[in-house]
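If you read the sequence shown in our numbering, its first letter stands for residue 71, the second for the next number, and so on. Quick reminder that beta carbons are idealized off the backbone N, C-alpha and C, glycines included. The block underneath contains the structure these notes are about, expressed in structure tokens.
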Amino acid sequence: MLNFRIYIDSSAEDRLAIFLSTLSVTNRTPEYYVNWEKVERETKQFELELHTLNYLIGKTNIYDEALRLFSKQPELLRAIPTLIASRDKILDILSINDQDEMSFDQLNFTKIDTLRIQDYVDFVEQAGLLDFLQSKANRSLVDYVYGVEAGLDSNARKNRSGTTMEGILERHVAKICQELSLEYKAQATAPFIKENWGITVPVDKSERRFDVAVYSKHRHKLWLIETNYYGGGGSKLKAVAGEFTELSQFVVASPDDVEFVWVTDGQGWKTAHLPLSEAFGHIPNVFNLEMLKQSFLFNLFQ
């Protein structure tokens, strides 16, 4: 069992040792892996076009069929980037002929150029999509795109850890605030805090949004909480530690009673001992998920 008071009263070096020894293995909840709402939204965007493109599945003379179909209904081409798993809708293309001569082209799949339908069809053929439709696709293209979108969504996972931490933190804070009769605001700005709680928050940049702000009306006190998660190491961790060290110094310079809290976790921090050590020298309230589990935030607010 971790003890909040012992942790807070320990030296920066001892707090760092406790922090590193209690880092979590992961923050990946089941929802982390696929954002199904986004997958469905992106798929439905071209559902009508995809149903129409089912016409091409299994066609023998598919190039001519595609040319005729897109000439009659050029807007169907808007669905092509999704079918080839591309988020980009304006594609820059390099072509190399049999003599190794290179040429560059650009096709806009948002605003279809009806004078270049054959160029679009040539691209679709060279990208292998016509062959897929002719000899490999045997189901609805809507079902196929669901799979494509699920795969594309996996690329967003590297950005999802931070969002996951924000969700975990907000749920945790909401429960504590209800118990202790405190107020809180997610993505709080300095103007919001001044207008609603009458507390001045010095910030390093005007558009700064704090992940969670917690306010005690009884004590006229504010806690500003930032959160992130780093499962892997890298040079970025040094910059992150420096950024939050500077941010903490900014906010605690307030003429009002303001504390800075940093909730971070991940095995990546074991590769950034020195910059993290410097951060611990300036920020007393650095907690990880295990510490949240052990009621450190509850004790801090209490």
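* To do: Mind checking which residues open and close the beta strand (DSSP E) that includes residue 286?
  => 279-286
* Asked: Can you name the start and end residues of the alpha helix (DSSP H) that residue 344 belongs to?
  -> 343-352
* Give me the Cβ distance between residue 320 and residue 355, rounded to the nearest whole Å; I'm assuming they're in contact under 8 Å. => Contact doesn't hold; Cβ gap of about 15 Å is too wide.
* Per-residue burial, residue 103 [other beta carbons within 10 Å of its own, 16 or more giving buried] -> exposed
* **Exposure of residue 242, with buried meaning 16 or more beta-carbon neighbours within 10 Å** => buried
* To do: Go through the segment 204-253 residue by residue and report every complete run of the alpha helix (DSSP H) that reaches 4 residues or more, in order.
  => 211-224, 227-250
* Assigned exposure category for residue 324 - 16 Cβ within 10 Å defines buried -> buried
* Counted within 10 angstroms of its Cβ, other Cβ atoms place residue 217 as buried (16 or more) or exposed -> exposed
* Quick one: residues in its chain with C-beta nearer than 6 Å to the C-beta of residue 341, no 5 flanking neighbours on either side, listed in chain order? => 303
* Could you tell me the distance, in whole angstroms, from the CA atom of residue 176 to the CA atom of residue 72? => 59 Å
* To do: Specify, as a first and last residue, the run of the alpha helix (DSSP H) that residue 182 falls within.
  => Segment: none, residue 182 is in no alpha helix (DSSP H) and carries neither H nor E.
* Asked: In whole angstroms, what separates the C-alpha of residue 88 from that of residue 223?
  -> 36 Å
* Span of the alpha helix (DSSP H) holding residue 321? -> 306-321
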